[in-house]
Every structure is written in structure tokens, then in C-alpha cells.
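Shown next, in C-alpha cells, is the structure this report addresses.
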Amino acid sequence: MEAEGLDWLLVPLHQLVSWGAAGAMVFGGVVPYIPQYRDIRRTQNAEGFSTYVCLVLLVANILRILFWFGRHFESPLLWQSIVMILTMLLMLKLCTEVRVTNELNVKRRFFAAADNKDEEIKVPPRRSYLDFDPHHFWHWSSFGDYVQCVLAFTGVAGYVTYLSINSVLFVETLGFLAVLTEATLGVPQLYRNYLHQSTEGMSYICRTARERADVLMHEQMC
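In the numbering used here, the protein residues as written are 1144 to 1365.
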């Protein structure tokens, strides 16, 4: 009787805990990038953050969403992928604006008016997402190029998934590629730190919290 009398309290409490856990799962992977975003915006310097981290997370989460169409998993993980994609696009937008601004500040010393015949006008070449030069790929001057690249990848991957959605092997491979891609998340940042021989600008909170979120995510998918 006492247990039945406490149902009015235990049921809402259980629901509240479930909502809290789901919210932590959805936004837990995003929270670590908030201090990184604020630091880049405050210092106007994105040299310490590798935008290839955004590339890895975008590819991994797009593949995970496509995997959901073939094999449904928990909704919080699906929303986590959507939120993470939006977050990475915001990070890319900020990093691109900061980098282009800094580059323009340097090149303005060499720019001149259009009617000045004594000085040469130098216009930075526009790089499109079709430029697969290793030195230019994922290092474009416009945020729109990143969006076009992400949309192109999503369209191609989505079309292939649509054609092969009934293949269990393909769906399982898709899920494996999503997890495998995200497992390489630390490689771009590690390579950037190696080139610069420095970890300056890299958020320790971002690194440790992201590692914990990845562990939780992989446990839920398995």
C-alpha cells in the first residue's frame, strides 16, 4: 500500500530523471565546445583549433543519422547528432570569419585602389569545394563553401543509403563507419599540435569532456 501511495511521487521523479539523462546525452557532446568557441571569439585567433575536427564530426554524425534510417536507435542520440552538426557549422563559421579577417589584415598592406597604376592589385583567389588540392581542401575563404561541401556529401551519401537501405550489410557498415570516423576525432588536432609544436589555444575542457561523451555515446549505440 505504501508503495502504491508513493507512485504519485516516484513516477514524475523517474520521468524527470529520464528527461535529464536525455538532455545530458543530447547536449553533453556540445557543451565542451562552448569554451572553445568563446575563446576563439575573444582572442580572434583560431590557430589552436583544427577545423578538421569539425570535418570528422560532421561526417560521423551525418553517417549516424543515415544509419538511423536503417536501424533505429534511441532518439536522444539522433538529436545529439543534429545538435552536433549545427554546432560544428557554427564553429566553422567562426573559424572561417576569424581566419579570413586575419588574412585580410595582412594582405591589406599590399592592396591598392583600382585606379592606382603604380601598385599591383592582389585579390585572394576564391576556393570552391570542387578544389580537391590537399593544400586547399577544407581551408576555404567562405563559409558557404563548407556548407556546399556538407550538402553535397549528405546528398550523395543519402542517395546511396536510399538505394541500399534494405541491405543489412550496408546498414551495419554505415554504423561501423560512423563510429570509426568519430574514433579518429583526436587525429586532426594531434597533427596540428605536432606541426605547431604547441597545444596553445586548445581547450583542455573540450578535450576531456568530449572523450567522456564519446564513451557514453558508444555504449548507448552498442
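Glycine included, each C-beta is placed from N, C-alpha and C at the ideal position.
Pairing serine 1218 with glutamine 1158, the inter-Cα distance amounts to about 16 Å. At a Cβ-Cβ threshold of 8 Å, phenylalanine 1210 and valine 1314 count as neighbours. In the displayed model, glutamate 1217 falls within coil according to three-state DSSP, outside both helix and strand. Scanning its chain for C-beta atoms nearer than 8 Å, with the 5 sequence neighbours on each side dropped, one finds around leucine 1320 the residues Leu1206, in chain order. Contact holds between the stretch 1235-1247 and the stretch 1282-1301, because three or more Cβ pairs, one in each stretch, are under 8 Å apart. A straight-line Cα-Cα distance of about 11 Å links asparagine 1309 and valine 1303.
In this chain, the alpha helix (DSSP H) harbouring proline 1178 covers 1176-1186. Between leucine 1317 and glycine 1172, the C-beta gap is not smaller than 8 Å, which leaves the two residues out of contact. Cα atoms of valine 1226 and leucine 1198: separation of roughly 15 Å, rounded to the nearest angstrom. CA-CA distance, leucine 1156 to methionine 1231, rounds to 34 Å. Under the three-state reduction of DSSP, leucine 1328 is assigned to coil, being neither helix nor strand. If you draw a 10 Å sphere on the C-beta of serine 1224, you find 16 or more other C-beta atoms in it, and that means buried.
With respect to leucine 1201, valine 1293 sits close: the two C-beta atoms are nearer than 8 Å. The C-beta distance from alanine 1203 to threonine 1324 rounds to 4 Å, short enough to fall under 8 Å. Short of 7 Å from the beta carbon of alanine 1165, and not among the five residues preceding or following it, lie these beta carbons of its own chain, in chain order: Pro1219. One Cα belongs to tyrosine 1195, the other to leucine 1333, and the distance between them is close to 11 Å. Between the C-alpha atoms of threonine 1297 and leucine 1153 there is a straight-line separation of about 43 Å. The DSSP-derived three-state label of alanine 1189 is coil. At a Cβ-Cβ threshold of 8 Å, leucine 1221 and isoleucine 1208 count as neighbours. Excluding five sequence positions before and after serine 1307, the CB atoms of its chain that fall closer than 7 Å to its own CB belong to Phe1313, given in chain order. For histidine 1157, the three-state secondary structure derived from DSSP is helix.
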